[in-house]
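Numbering (our numbering), first residue to last: 426 to 921.
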């Protein structure tokens, strides 16, 4: 697709100037008002020498300034680098140093510190960093009088986005993307989900994660409204659903689990919702079915994607219920998927990245000899092309030479009434090499014994070598900004 986000914004402002582009609790921002704000900020970028090929790091929640900054960077031919909100000094120093960010945009004031101030304090260690703009402070300095000559938009084949995979310390993996592949991928998904100019898209996922950012892509490309929930918190969700009446909701399983478990949601909140997409971690069938039952006029689908390719596969709203609730759907248009003899999932297609930023060794290791991207996931693909993820290659447990993937075991155990969230991790064993340990977060007031776990697995007919041999209960499992359990942190805690 030759259309960029900034070009789409201009089209929206011309065709439907007064229609909402952004919805917030304070009110709506029209396409025309959004374009005017983007042009002002882009002019401000130009005045500060920020232009083609420069990296602008953005550490913001889901607020209008995130969307404005990204579009304004594109209007100058600059590259947006997303930075997760929880990241602090160590991660910031590594990621901004690796990207060579010329500018950074962050909040003037966070919950317990100043994100912008923390980045400013790192400036002596970041020689490429020239500007830090604080939303709630110096960001206002970017709002200059719009100057058309300052707009030098990126083309469809220019890099516009720089993402980083979860590993942020030893060897950062930066993933640059041009617009062409991602815009077509997002447009295809929007068409599959029935998103048009009258749509309202609500993302529980942060825009700093590609899963959430994809909703911005779809909104701008179709002229739909992006409904903003600045930071996910379960108590705020019913109010947001009532206020925004979303037609599409993007969420992770961990977003819905506490809401479904507490009975906080009702079908009345989803009367206009056509699609709820669940992604980011394994989706228990029980949870998917519970959310699906809340949708009087819609369907739950699952989506699988990565920083390296955006949406690789997703369900379609009219797919059979069993496939919608238990698989990640079929490959996106133009994307091919295959599973190796070892069960590893590999893909290729127009949205797949070309290589990691300044990291040739990781790039070479990421692709097969015949050019397929090796995702690190394991999966099975049925005769109709539906993909069922079975785990991660790095999460396989080797017990005495017998290997197994814990994902299916975790899904069974999530049906235990006591367990709110769980992960099975390997721990070293002097005899068998590794043994499985169940790490569990329980519902308030619940109790769990290892005997309860093994009895359930015995009832399900699970081979005994797959049973956890140790149970550790946590007040809260450590999770990433994208709501995935940090298995490495669990292992380090238990080995420490």
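Glycine included, each C-beta is placed from N, C-alpha and C at the ideal position.
Values in this document were obtained by computation on a predicted structure and should not be read as measured data.
Here the alpha carbons of residue 589 and residue 498 stand approximately 18 Å from one another. Distance from the Cα of residue 842 is smallest, within the candidate group 854, 868, 817 and 682, for 868. Under DSSP, residue 812 forms a beta bridge with 806.
In this structure, the beta-carbon distance from residue 485 to residue 521 does not fall below 9 Å. The continuous beta strand (DSSP E) containing residue 854 extends over residues 844 to 854. Counting C-beta atoms within 10 angstroms of its own C-beta, residue 919 has fewer than 16 neighbours from the protein chains shown and is therefore classed as exposed. Counting every other CB atom within 10 Å of its CB across the protein chains shown gives residue 878 a total of 16 or more, marking it as buried. Within the region 731 to 804, the beta strand (DSSP E) runs of at least 3 residues that lie entirely inside it are, in chain order, 735 to 739, 761 to 764 and 769 to 773.
Here residue 753 is not near residue 710, since their CB atoms are 9 Å or more apart. A distance below 7 Å between beta-carbons, with the five flanking residues on each side excluded, links residue 615 to the following residues of its chain, in chain order: 643, 646 and 647.
The DSSP-derived three-state label of residue 507 is strand. By the CB criterion at 9 Å, residue 493 and residue 463 fall inside the cutoff. In this chain, the beta strand (DSSP E) harbouring residue 628 covers 625 to 628.
Note that the C-beta distance between residue 757 and residue 732 is not below 9 Å. In the three-state DSSP reduction, residue 897 falls in the strand class (E or B). Ranked by Cα distance from residue 896, the first of 865, 903 and 669 is 865. Beyond the five residues adjoining it in sequence on each side, residue 663 comes within less than 7 Å, by CB distance, of 689, 690 and 694 in the same chain, given in chain order. By the Cβ rule, the region 468 to 477 does not count as touching the region 448 to 460, because fewer than three pairs are nearer than 8 Å.
Taking a 10 Å sphere around the C-beta of residue 487, we find 16 or more other C-beta atoms and assign the residue as buried.
In chain order, 637, 640 and 675 place their CB closer than 6 Å to the CB of residue 628, counting only its own chain and leaving out the 5 sequence neighbours on each side.
If you draw a 10 Å sphere on the C-beta of residue 913, you find fewer than 16 other C-beta atoms in it, and that means exposed.
Between the alpha carbons of residue 444 and residue 431 lies a gap of roughly 17 Å.
In this structure, DSSP gives residue 522 a helical state, which the three-state scheme calls helix. With respect to residue 546, residue 514 sits close: the two C-beta atoms are nearer than 9 Å. Spatial neighbours of residue 724 in its own chain (CB-CB distance under 7 Å, excluding positions within 5 residues in sequence) are listed in chain order as 700, 717, 742 and 749. In this structure, 556 is the residue among 556, 903, 429 and 845 with its C-alpha nearest to the C-alpha of residue 525. The beta carbons of residue 812 and residue 806 sit about 5 Å from each other, so the pair counts as a contact at 8 Å. Apart from sequence neighbours up to five positions away, the residues of its chain that approach residue 720 with a beta-carbon distance below 7 Å are 695, 698 and 701, ordered along the chain.
Closest option to residue 651, judged by alpha-carbon separation, among 563, 489, 536 and 660: 489. Around the CB of residue 574, fewer than 16 other CB atoms lie within 10 Å, so the residue is classed as exposed. Beta bridge pairing from DSSP links residue 599 with 589.
Rounded to whole angstroms, the Cβ separation of residue 665 and residue 621 is 22 Å, and the two are not in contact under 8 Å. Here residue 913 carries a helix assignment [DSSP, helix/strand/coil].
The beta carbon of residue 467 lies closer than 7 Å to those of 497, 500, 501, 575 and 576 in the same chain, with the five residues before and after it left out.
Beta-bridge annotation (DSSP): residue 672 is not paired with any residue.
Residue range 822 to 824 is occupied by the beta strand (DSSP E) that includes residue 823.
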